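Engineer: Below: one structure in structure tokens.
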Amino acid sequence: MKLIAVRRRVPIAIAIAVAVTIIALVAASTTREGIALSIAFDLAVACGIAMSVPGFKADHPVVSRAALTLLALDVAIFLTFFFSSSTNFNLATGAAMSIVLLGLSFLTGASGQISLGNGAFMGVGAFAMAIWANHHATTPIVLTLLIAVACGALVGLLLGLPATRLRGPYLAGMTLAFAVAFTFILSSFSSWTGGDSGLQLPTAATAPRWLDGFFHAGTPPLTTTTLYITDVAIIVAGVAFFFMANLFASRTGRSMRLIRDNDVAAELVGVSLPRTRVVAFIVSSAYAALGGALLTLIDNSVSPPTYSFALSVTILSLIVIGGIGTISGALIGGVIYAFSTNVISWITTQTGLNPQGNLASQLNGIIFGGLLILTMLFAPFGITGAARQLWHRLRARFPR
Amino acid sequence: MITIEDLTVSFGAVQALRNVSFVAETGKITAVLGANGAGKTTLLRTISGLKEPKTGTIRLDDQSLVHKRTEDIARLGIGHVPEGRGVIGEFTVEENLRLGAMMARVNLLQGLQEQYELFPVLGERRKQHAAKLSGGERQMLAMARALIAKPSVLLLDEPSLGLAPLVTAQLMHTIQSLCESSDLTVILVEQNATSALRIAHHAVVLHVGKVVANDTAANVSANDNLRQYYLGLVE
């Protein structure tokens with residue numbers, strides 16, 4: 005019965021979605037918000053119907069994850085049309101950082117390896133993006149992002165190979181060395197990287213011509229570029245989260261968790277420890293590079309000090325605060341990072357601190373450090389873990 | 182068939198196994214007995230490739246296992262259930278079983294069905310997290326995870342450790358049934374000599390890394406000296 009229900013409802017949901025999209029595009033509205041509303045509504049309906057079918061998640065996990073991703077993207081993109089430019093900028097930054105956190109969450113949470121060098125991996129992607137864009141300005145964004153990902157994966161492979169022989173503090177030490185050396189490496193290749201001042205992108209990323217009308221600025225203070233880049237960042241993050249959710253549930257993901265919990269048992273069932281550990285490093289650094297490349301796209305520039313060792317520590321703090329080894333933890337960490345600047349400016353305003361002063365410039369570290377201590381004391385599994393505990397307690401107190 | 186000849190394994194200056202030789206026949210249970218520190222676990226770990234031997238040979242039929250990687254030995258059909266079981270508590274019973282099947286190219290659904298028939302309690306708890314299983318159920322899960330890959334040789338390290346006598350008896354009966362219904366070769370490392378000798382065809386007694394007896398289980402069981410001095414079985 006359940007299977008019949010799934011088979012019947014999914015095509016119906018897709019048919020409804022397609023029909024409403026066509027109607028929306030052709031007749032419903034020619035304004036940007038109208039079209040956005042129509043598309044958002046019908047996608048939500050389609051995903052909602054598909055996911056409401058009992059047993060759908062268990063029977064079709066990949067399709068279910070795709071529907072959930074589509075629904076989340078749908079809501080997020082729809083909201084960007086109504087947010088201010090600064091909020092959209094924060095959202096885009098949060099999306100980029102959550103990709104980085106997701107990569108580290110996979111490395112640390114799933115495979116049990118530690119990295120203090122993900123800030124540097126981010127830098128690899130950020131500079132790969134900027135260097136490529138400066139030499140090949142006409143390359144489409146997606147291709148440039150993929151080039152940055154490939155560069156990050158390559159560096160991950162190079163560091164991952166020796167990492168297979170290292171554990172715990174020794175592995176942390178190796179990645180720490182890379183993080184510390186990275187800014188010096190950038191300075192050594194100043195003809196490529198622009199030295200201490202970094203690089204500017206030759207042009208701000210704009211929507212392709214066929215999407216131009218859709219992103220046309222009509223609602224001040226929203227700018228076309230910010231809106232477009234925000235939506236690109238959100239879509240890229242959505243795709244990255246979708247892939248990672250599937251990777252977590254895949255054979256590779258299960259092998260990694262087995263290695264993390266019991267590497268002897270993993271070997272005994274035929275899992276190759278070195279290969280799996282290297283794969284984890286490659287995935288983590290590729291995700292970090294993707295996040296870094298997106299940040300370059302958002303900021304329209306890149307400079308070496310951004311990718312110092314302090315960023316790696318911030319990334320590690322954020323993943324602990326959000327919840328290691330969880331997808332939602334990475335999302336929470338990304339949001340905290342994105343809106344931390346707002347909190348800092350609020351604090352400086354309220355306390356009358358000089359925004360250019362020494363204390364104000366260190367507030368970022370103080371806030372993340374404080375949050376990290378609080379998390380370790382009161383929610384060792386991060387905000388995600390605390391939320392799960394609360395949910396279980398509520399379910400125990402109020403059974404259905 | 183597993184053939185071990187002149188196997189010596191060292192941990193630095195300490196020799197854990199000294200010139201160990203014996204044959205584990207196809208379709209038979211070979212019990213490896215001895216006190217703590219006799220080298221039983223080291224023997225199994227060396228067969229699985231988790232420990233490199235200093236000298237000697239280990240062969241699965243005609244194939245040498247020495248210097249092979251653990252994952253390659255596992256893929257050759259040697260299943261090892263380690264001491265402490267090694268099940269993943271945060272995974273469900275079924276997910277743990279999937280782990281066992283994932284590297285061996287076997288039909289997953291059929292494999293799951295077979296294991297649930299062999300260990301019905303696992304079928305009843307297939308959606309339950311392994312952390313919530315009892316000690317006996319965890320041992321069953323560890324064995325099922327090894328068996329789902331359809332090994333030709335099963336290495337069991339102290340399966341009765343920490344289990345109630347009734348559960349141990351049930352587990353030993355299952356191991357015996359497995360051997361009788363298939364050509365599975367079992368090397369059973371046990372401190373519980375009575376239980377092991379009851380189901381084993383052959384027995385090897387280790388003492389401080391050396392073989393002190395290598396005979397049929399019936400003969401070892403009947404030897405009062407072995408029982409008294411090496412197996413701690415006093416009448």
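Protein sequence lines, in the order shown, are assigned to chains A and B. Numbers given in the working numbering equal positions in the first sequence, counted from 1, plus 4. Numbers given in the working numbering equal positions in the second sequence, counted from 1, plus 181. Note that beta-carbon positions come from the ideal geometry of N, C-alpha and C, so glycine has one too. Since the model is a prediction, treat every value here as computed from it, not as a measurement.
Given this structure, state the Cα-to-Cα distance separating Ile263 (chain A) from Ala269 (chain A), to the nearest angstrom.
Structural biologist: Counting from 1 along the first sequence, the entry for residue 263 (chain A) is found at position 259. Counting from 1 along the first sequence, the entry for residue 269 (chain A) is found at position 265. C-alpha separation (whole angstroms): 8 Å.
Engineer: Are the C-beta atoms of Gly222 (chain A) and some chain B residue less than 8 Å apart?
Structural biologist: Locating residue 222 (chain A) in the first sequence gives position 218, where the first residue counts as 1. Unreliable positioning characterises Gly222 (chain A) in this predicted model, as indicated by a pLDDT of 49, which lies under 50. A coordinate reading is not provided.
Engineer: Taking Lys249 (chain B) and Gly230 (chain B) to be in contact with their CB atoms under 8 Å, please state how far apart those CB atoms are, rounded to whole angstroms.
Structural biologist: Against the second sequence, residue 249 (chain B) aligns to sequence position 68. Against the second sequence, residue 230 (chain B) aligns to sequence position 49. Confirmed, about 6 Å.
Engineer: According to the Cβ coordinates, are Thr379 (chain A) and Ala130 (chain A) closer than 8 Å?
Structural biologist: Residue mapping note: residue 379 (chain A) aligns to position 375 of the first sequence, counting from 1. Residue mapping note: residue 130 (chain A) aligns to position 126 of the first sequence, counting from 1. Taking 8 Å as the Cβ cut-off, Thr379 (chain A) and Ala130 (chain A) do not qualify as a contacting pair.
Engineer: Please classify Phe192 (chain B): is it buried, with 16 or more other beta-carbons within 10 angstroms of its beta-carbon, or exposed?
Structural biologist: Within the second sequence, numbered from 1, the residue matching residue 192 (chain B) stands at position 11. Answer is exposed; the Cβ neighbour count stays below 16.
Engineer: To the nearest angstrom, report how far apart Asn250 (chain A) and Ile103 (chain A) are at their CA atoms.
Structural biologist: Translated into positions along the first sequence, residue 250 (chain A) becomes position 246. Translated into positions along the first sequence, residue 103 (chain A) becomes position 99. Taking the straight line from one Cα to the other gives about 15 Å.
Engineer: Does DSSP put Leu337 (chain B) in a helix, in a strand, or in coil?
Structural biologist: Here residue 337 (chain B) refers to the residue found at position 156 of the second sequence. Of the three classes helix, strand and coil, the one that applies to Leu337 (chain B) here is strand, per DSSP.
Engineer: Let me make sure I understand the geometry here. Which of B:Lys391, B:Gly390, B:Ile368 has the alpha-carbon closest to that of Ala384 (chain B)?
Structural biologist: Translated into the one-based positions of the second sequence, residue 384 (chain B) becomes position 203. Residue B:Ile368 is the option with its Cα nearest to Ala384 (chain B).
Engineer: Enumerate, from N- to C-terminal direction, the unbroken beta strand (DSSP E) stretches of 3 or more residues contained entirely within the region 225–255 of chain B.
Structural biologist: Taking only runs of at least 3 residues, the beta strand (DSSP E) segments lying wholly in the region 225–255 of chain B are 236–241.
Engineer: At the level of alpha carbons, what is the spacing between Ile331 (chain A) and Val153 (chain A)?
Structural biologist: Walking along the first sequence from the start, residue 331 (chain A) turns up at place 327. Walking along the first sequence from the start, residue 153 (chain A) turns up at place 149. Distance between the alpha carbons of Ile331 (chain A) and Val153 (chain A) is about 20 Å.
Engineer: Once DSSP output is grouped into helix, strand and coil, what is the label at Ile81 (chain A)?
Structural biologist: Translated into positions along the first sequence, residue 81 (chain A) becomes position 77. The answer is helix: DSSP assigns Ile81 (chain A) an H, G or I state.
Engineer: Report the partner residues of Leu277 (chain A) according to the DSSP bridge assignment.
Structural biologist: Residue 277 (chain A) sits at position 273 when you count from the first residue of the first sequence. BP columns for Leu277 (chain A) are empty, so no partner.
Engineer: Helix, strand or coil for Ile407 (chain A)? Go by DSSP, reduced to three states.
Structural biologist: Outside the shown range of chain A (5 to 404) lies residue 407 (chain A), about which nothing can therefore be said.
Engineer: Sort B:Lys391, B:Arg326, B:Ser333 by Cα distance to Leu365 (chain B) and report the nearest one.
Structural biologist: Taking the second sequence and counting its residues from 1, the one referred to as residue 365 (chain B) is at position 184. Selected option, being the one with the closest Cα: B:Ser333.
Engineer: Between Gly333 (chain B) and chain A, is there a C-beta pair that is closer than 8 Å?
Structural biologist: On the second sequence, residue 333 (chain B) is found 152 positions in, with the first residue counted as 1. Rather than Gly, the amino acid found at residue 333 (chain B) in this sequence is Ser. By this cut-off, Ser333 (chain B) is not an interface position.
Engineer: If you follow the alpha helix (DSSP H) that Gln196 (chain B) is in, where does it begin and where does it stop?
Structural biologist: Indexing the second sequence from 1 puts residue 196 (chain B) at position 15. Premise fails: Gln196 (chain B) lies in the beta strand (DSSP E), 195–205, not in any alpha helix (DSSP H).
Engineer: If you count every other CB in all the chains shown that lies within 10 Å of the CB of Phe382 (chain A), and 16 or more means buried, which is it?
Structural biologist: On the first sequence, position 378 is the one that residue 382 (chain A) refers to. Exposed: under 16 other Cβ atoms inside 10 Å.
Engineer: Which residues, taken in chain order from the region 236–262 of chain B, show a beta carbon closer than 7 Å to some beta carbon of chain A?
Structural biologist: Of all residues in the region 236–262 of chain B, Thr251, Glu252, Ala255, Arg256, His261 have a Cβ within less than 7 Å of some Cβ in chain A.
Engineer: Looking only at its chain, what residues have a beta carbon closer than 6 Å to the beta carbon of Ile323 (chain A), apart from the 5 residues adjacent to it on each side?
Structural biologist: Taking the first sequence and counting its residues from 1, the one referred to as residue 323 (chain A) is at position 319. Once the five neighbours on either side are set aside, the close Cβ partners of Ile323 (chain A) are Leu105, Leu108, Ser109, Gly337.
Engineer: Taking just the CA atoms, how far does Ile370 (chain A) sit from Met283 (chain B)?
Structural biologist: Numbered from its first residue, the second sequence carries residue 283 (chain B) at position 102. Numbered from its first residue, the first sequence carries residue 370 (chain A) at position 366. Approximately 46 Å between the Cα atoms of the pair.
Engineer: Between which two residues does the alpha helix (DSSP H) holding Ser88 (chain A) run?
Structural biologist: Numbered from its first residue, the first sequence carries residue 88 (chain A) at position 84. Ser88 (chain A) -> no alpha helix (DSSP H), and no H or E assigned at all.
Engineer: Using a threshold of 8 Å, state whether the C-beta atoms of Ala197 (chain B) and Thr223 (chain B) are closer than that.
Structural biologist: What you label residue 197 (chain B) is simply residue 16 of the second sequence in a count that begins at 1. What you label residue 223 (chain B) is simply residue 42 of the second sequence in a count that begins at 1. Taking 8 Å as the Cβ cut-off, Ala197 (chain B) and Thr223 (chain B) qualify as a contacting pair.
Engineer: How big is the Cα-Cα spacing for Gly220 (chain B) and Glu371 (chain B)?
Structural biologist: Looking up residue 220 (chain B) in the second sequence gives position 39. Looking up residue 371 (chain B) in the second sequence gives position 190. Near 11 Å, if we compare the C-alpha coordinates of Glu371 (chain B) and Gly220 (chain B).
Engineer: I need the straight-line Cα distance from Leu387 (chain B) to Pro263 (chain B), nearest angstrom please.
Structural biologist: The sequence position of residue 387 (chain B) within the second sequence is 206, counting from 1. The sequence position of residue 263 (chain B) within the second sequence is 82, counting from 1. Distance between the alpha carbons of Leu387 (chain B) and Pro263 (chain B) is about 19 Å.
Engineer: Looking at the structure shown, is His64 (chain A) part of a helix, part of a strand, or coil, going by DSSP?
Structural biologist: For this step, residue 64 (chain A) is matched to residue 60 along the first sequence. His64 (chain A) falls in the coil class under three-state DSSP.
Engineer: Check whether the Cβ atoms of Phe188 (chain A) and Gly156 (chain A) lie closer than 8 Å to each other.
Structural biologist: The count along the first sequence starts at 1 and reaches residue 188 (chain A) at position 184. The count along the first sequence starts at 1 and reaches residue 156 (chain A) at position 152. Contact flag unset, no.
Engineer: Using a C-beta to C-beta distance shorter than 7 Å, which residues of chain A count as neighbours of Ser284 (chain B)?
Structural biologist: For this step, residue 284 (chain B) is matched to residue 103 along the second sequence. Looking at the sequence shown, residue 284 (chain B) is not Ser but Met. Simply Val273, Gly274, Val275.
Engineer: Does DSSP put Gly260 (chain B) in a helix, in a strand, or in coil?
Structural biologist: Within the second sequence, residue 260 (chain B) is the residue found at index 79, counting from 1. Of the three classes helix, strand and coil, the one that applies to Gly260 (chain B) here is strand, per DSSP.
Engineer: Hey, is Val268 (chain A)'s beta-carbon within less than 8 Å of any beta-carbon in chain B?
Structural biologist: Numbered from its first residue, the first sequence carries residue 268 (chain A) at position 264. Yes, because at least one Cβ of chain B sits closer than 8 Å to the Cβ of Val268 (chain A).
Engineer: With a threshold of 16 other CB atoms inside 10 Å of the CB of Lys6 (chain A), please say whether the residue is buried or exposed.
Structural biologist: Against the first sequence, residue 6 (chain A) aligns to sequence position 2. Because the pLDDT at Lys6 (chain A) is just 49, under 50, the model does not fix this residue reliably, and the value given afterwards should be weighed accordingly. Classification of Lys6 (chain A): exposed, given that the 10 Å Cβ count is below 16.
Engineer: In this structure, what does DSSP give as the bridge partners for Thr97 (chain A)?
Structural biologist: One-based indexing of the first sequence puts residue 97 (chain A) at position 93. Thr97 (chain A) is not bridged to any residue.
Engineer: Check whether the Cβ atoms of Ala292 (chain A) and Asn122 (chain A) sit closer than 8 Å, and answer yes or no.
Structural biologist: Translated into the one-based positions of the first sequence, residue 292 (chain A) becomes position 288. Translated into the one-based positions of the first sequence, residue 122 (chain A) becomes position 118. Closer than 8 Å, so yes.
Engineer: How big is the Cα-Cα spacing for Leu163 (chain A) and Ala80 (chain A)?
Structural biologist: As a position in the first sequence, residue 163 (chain A) is number 159, starting the count at 1. As a position in the first sequence, residue 80 (chain A) is number 76, starting the count at 1. So the alpha carbons of these two residues sit roughly 35 Å apart.
Engineer: Quick check on DSSP: helix, strand or coil for Asn395 (chain B)?
Structural biologist: Looking up residue 395 (chain B) in the second sequence gives position 214. Three-state result, Asn395 (chain B): strand.
Engineer: Is the CB of Ile380 (chain B) under 8 Å away from at least one CB in chain A?
Structural biologist: To locate residue 380 (chain B), count along the second sequence from 1; it is residue 199. Closer than 8 Å: no.
Engineer: Look up Glu371 (chain B) in the DSSP assignment and give the residues it is bridged to.
Structural biologist: Here residue 371 (chain B) is taken as the residue at index 190 of the second sequence, counted from 1. In the DSSP output, where bridge partners are listed per residue, Glu371 (chain B) has B:Leu214.
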